[in-house]
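Colleague: Sharing a structure with you now.
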């Protein structure tokens, strides 16, 4: 009996067409997977940011329990040599007591005696969604100017609300006519406030929100002014009183013209140099910070009662203004 040669019916390798098909399928799967991974990562970052602000809220109450007031920004005058930000005072309440003890509260944040401590980055004060670019800041009045000497924060309070909020003189009348420099928000420039001072209620008053990415300037998710040591927001470090948002006043949708109704995630600040330095024509102050996050759709915010809210970017600026003032008698109608 003769045997016929065995016919091979298997192949040792892919054809070129098959290989290209496999590569195409893998590329499609990666294209579908990457956005999903990014979405999960951002959700985790936003939760971490929320937890940071919850710690700030708990520290705020711990400080009030011990002192009878919430911490203030000690900056009695523009020429004062003593400038201490509220975030310094609550360090012992966010497990940073050792760092707090290294800071001389009788001296400025930028003195050589304090910069070894104030240049220390604190994770609780940084949003993980914020870009990993410049994480240190200086000031135009340091020597040499803008030397990066102190660590940044992505969180800021708001001193008050501009009288002409929105567009023109018909804005919301929530503050005195001479509104520049007003401090009817939760943070005072001279002394701490008691919870009893919040006539609108601690659950109806903002303590801090996000002003992320400073000192670099961002507009609508993109780096607006890159690289220059002078083109930056004046403020952003956790130890500087100048890191607060001076007062709420909207811009246009591009974040380049004052007086509009846009205010959340439009720009994180105004260029100190482009706006002429001190007493700029844009906000009446120098290189001011603004409300900004790298979260999609809004910003996180801590209220004086310690709770954390996510405030949608679509929120009406007048509605948000009611949250900023502590004693305006307005009803907070945020959903």
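Numbering (our numbering), first residue to last: 3 to 337. Using N, Cα and C, we set each Cβ at its ideal position, and we do this for glycine too.
Using the three-state DSSP reduction, which class does residue 20 fall into: helix, strand or coil?
Modeller: DSSP places residue 20 in helix when its eight states are reduced to three.
Colleague: Quick check on residue 45: buried or exposed, where buried means 16 or more other Cβ atoms within 10 Å of its Cβ?
Modeller: Flag for residue 45 reads exposed.
Colleague: Quick one: is residue 298 buried, meaning 16 or more other Cβ sit within 10 Å of its Cβ, or exposed?
Modeller: The residue is exposed, with fewer than 16 neighbouring Cβ atoms inside 10 Å.
Colleague: Mind pulling the alpha helix (DSSP H) runs of 4 or more residues that sit fully within the region 47-87?
Modeller: Runs of the alpha helix (DSSP H) inside the region 47-87: none found.
Colleague: Nearest-angstrom Cα distance between residue 18 and residue 24?
Modeller: Near 10 Å, if we compare the C-alpha coordinates of residue 24 and residue 18.
Colleague: Alpha carbons only, please: which of 258, 199, 267 is nearest the one belonging to residue 273?
Modeller: When only C-alpha atoms are compared, the closest one is 258.
Colleague: For residue 319, which option in 329, 311, 265 has the closest C-alpha, if you only look at C-alpha atoms?
Modeller: It is 265.
Colleague: Using DSSP with H/G/I as helix, E/B as strand and the rest coil, what is residue 307?
Modeller: Looking at residue 307 - three-state DSSP - the assignment turns out to be coil, as it is neither helix nor strand.
Colleague: Would you give the residue range spanned by the beta strand (DSSP E) that residue 117 belongs to?
Modeller: Segment 117-120 is the alpha helix (DSSP H) holding residue 117; no beta strand (DSSP E) there.
Colleague: Where DSSP assigns a beta bridge to residue 224, which residues make up the other side?
Modeller: In DSSP, residue 224 forms a bridge with 221.
Colleague: What would DSSP say about residue 294, mapped onto helix, strand or coil?
Modeller: Here residue 294 sits in strand by DSSP.
Colleague: Where DSSP assigns a beta bridge to residue 267, which residues make up the other side?
Modeller: According to DSSP, residue 267 bridges with nothing at all.
Colleague: Output the boundary residues of the beta strand (DSSP E) element that contains residue 208.
Modeller: From DSSP, the beta strand (DSSP E) with residue 208 extends over 208-212.
Colleague: Would you decide whether residue 208 is buried or exposed? Buried here means 16 or more other CB atoms lie within 10 Å of its CB.
Modeller: It is buried - the Cβ of residue 208 has at least 16 other Cβ atoms within 10 Å.
Colleague: Buried or exposed for residue 86, going by 16 or more other Cβ atoms inside 10 Å?
Modeller: The residue in question, residue 86, is buried, as its Cβ has 16 or more Cβ neighbours within 10 Å.
Colleague: Let me check one thing: in DSSP terms, what residues is residue 28 bridge-paired to?
Modeller: Its beta-bridge partners do not exist; DSSP assigns none.
Colleague: Can you tell which of 194, 202, 333, 336 has the C-alpha that lies nearest to the C-alpha of residue 62?
Modeller: Looking at the Cα atoms, 194 is the closest of the given residues.
Colleague: Going by CA-CA distance only, name the one from 325, 332, 336 that's closest to residue 161.
Modeller: Per the Cα distances, 325.
Colleague: Inspect the CB distances between the region 103-114 and the region 123-134 and report whether three or more fall short of 8 Å.
Modeller: Output reads no: the region 123-134 does not touch the region 103-114.
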